[in-house]
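Peer 1: Chains as they are written, first to last, in the numbering used here: chain A, -16 to 139; chain B, -16 to 139. All C-beta atoms, glycine included, are put in the ideal place defined by N, C-alpha and C.
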DNA sequence: ATTAATTTTAAGCATAATGCTCAATCGAGA
DNA sequence: TCTCGATTGAGCATTATGCTTAAAATTAAT
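Rendered as structure tokens:
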């Protein structure tokens, strides 16, 4: 897999700024030929650097305004078998295996604090989960974005 | 803002399963008229439930295979002024204000552990940051996805 | 049960994007 | 200077898009 060059980064940045932009619009904005943009995008996708787009659904707009990060401690023996039941809880929208005091980190949405309490109890009922630690997200200062990363590559 | 009905959820699910799907393809797959899908999608976007798509760039494919979650404790007085310098660090790809023992949670990518050390030091140099706690992500069991949430709504 | 309102469906149409191919041109490096 | 890879420009058939209009179907209310 090749590394990104500056042109790749510029194309990805333009796409980040306007994900709806067509190939034609990108080429126009960047002052490139349509074929060039089309070829680079194709290669970026083939190389796995540009994954499928995602249509972003806002959980808050779905009625889940509460976002929490729940650290879960898992008893040694069970290991992987705890993940599946956790993922079956619909409100768990992301699950990471981590180092540190916890073993799993779950990103959880909820309708309100009572709902969050219910979900926390669900998590504690999962076999192998011995402890949980809930952190509530008060503000998403910067939602997930790789823009700053790309900017470094584009400046060369 | 209206709540999602089952049809909305089904459309969003189909879009989640295949984000590249055209309106025509969605209508075909769901057995609906193109106009119906087009109108529902338009309304979902107008209501803010369906945000702009995002082209997903994999940080690992960009040369940042290490993912860490860094909890930052902030001294009382400074508050918001710490956020800006933190966001200027390119490797910070997400920043949340949280309750709990930390005050900020930064999602950080790095080229390797040494790079992560460098970034941690950068964070500690930010005025107002008094303590940091780094957790390394070993595995993304379930990347961010609202699919499970939507499935609940679609089943009615 | 009948009426009213909303939603879905169907068709048409102009414009634009897409995926593709081919050949010419450009640029950097051997 | 020669060569290889990337970029460019053009063309072309197919398809999606955004939009409008009107009929049919569904739902809610009286």
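Which of the three DSSP states is assigned to residue 36/A in this structure?
Peer 2: Correct three-state label for residue 36/A: strand.
Peer 1: Could you have a look at residue 104/A and say whether DSSP puts it in helix, strand or coil?
Peer 2: Note: residue 104/A maps to helix in three-state DSSP.
Peer 1: Would the beta-carbon of residue -1/A fall within 8 Å of that of residue 38/B?
Peer 2: Closer than 8 Å, so yes.
Peer 1: What residue range does the beta strand (DSSP E) around residue 59/B cover?
Peer 2: Unbroken run through residue 59/B: none, as it is neither H nor E.
Peer 1: Can you give me, in chain order, the residues of the stretch 30 to 46 of chain B that have a beta carbon less than 8 Å from any beta carbon in chain A?
Peer 2: So the list reads 30, 31, 32, 33, 34, 35, 36, 37, 38, 39, 40, 41, 42, 44, 45, 46, given in the order they occur along the chain.
Peer 1: Helix or strand or just coil, what does DSSP make of residue 88/B?
Peer 2: Strand, per DSSP.
Peer 1: Compare the C-beta of residue 64/A against all C-beta atoms of chain B and say whether one is closer than 8 Å.
Peer 2: With 8 Å as the cut-off, residue 64/A does not count as an interface residue toward chain B.
Peer 1: For the stretch 101 to 114 of chain B against the stretch 114 to 125 of chain A, do three or more pairs of beta-carbon atoms, one drawn from each stretch, fall closer than 8 Å, so that the two count as touching?
Peer 2: Touching, no.
Peer 1: Could you check the C-alpha separation between residue 12/A and residue -6/A for me, to the nearest Å?
Peer 2: Spanning the two alpha carbons is a distance of roughly 10 Å.
Peer 1: Is it buried or exposed, residue 3/A, if we count other Cβ atoms within 10 angstroms and call 16 or more buried?
Peer 2: Looking at its Cβ environment, which holds fewer than 16 other Cβ atoms inside 10 Å, residue 3/A is exposed.
Peer 1: For my contact list, residue -13/A and residue 45/B are in at a C-beta cut-off of 8 Å; report their separation, rounded to the angstrom.
Peer 2: Between residue 45/B and residue -13/A the Cβ distance is about 6 Å, and since that is below 8 Å, they are a contact.
Peer 1: How is residue 123/B classed by DSSP in three states: helix, strand or coil?
Peer 2: Three-state result, residue 123/B: strand.
Peer 1: Could you spell out the range, first to last residue, of the beta strand (DSSP E) harbouring residue 76/B?
Peer 2: It spans 75 to 81 - the beta strand (DSSP E) in which residue 76/B sits, taken as one unbroken run.
Peer 1: Going by DSSP, what residue range makes up the alpha helix (DSSP H) through residue 9/A?
Peer 2: Element bounds for residue 9/A: 6 to 13.
Peer 1: State yes or no: is the beta carbon of residue -1/A nearer than 8 Å to at least one beta carbon in chain B?
Peer 2: Yes, because at least one Cβ of chain B sits closer than 8 Å to the Cβ of residue -1/A.
Peer 1: How many Å lie between residue 116/B and residue 7/B at the Cα?
Peer 2: Whole-angstrom Cα-Cα distance: 49 Å.
Peer 1: If you pair each beta-carbon of the stretch 49 to 60 of chain A with each one of the stretch 84 to 100 of chain A, do three or more pairs fall below 8 Å?
Peer 2: Flag = yes, the stretch 49 to 60 of chain A and the stretch 84 to 100 of chain A touch.
Peer 1: Given that residue 135/A touches chain B, what residues does it touch there, using C-beta distances under 8 Å?
Peer 2: What residue 135/A touches in chain B: 73.
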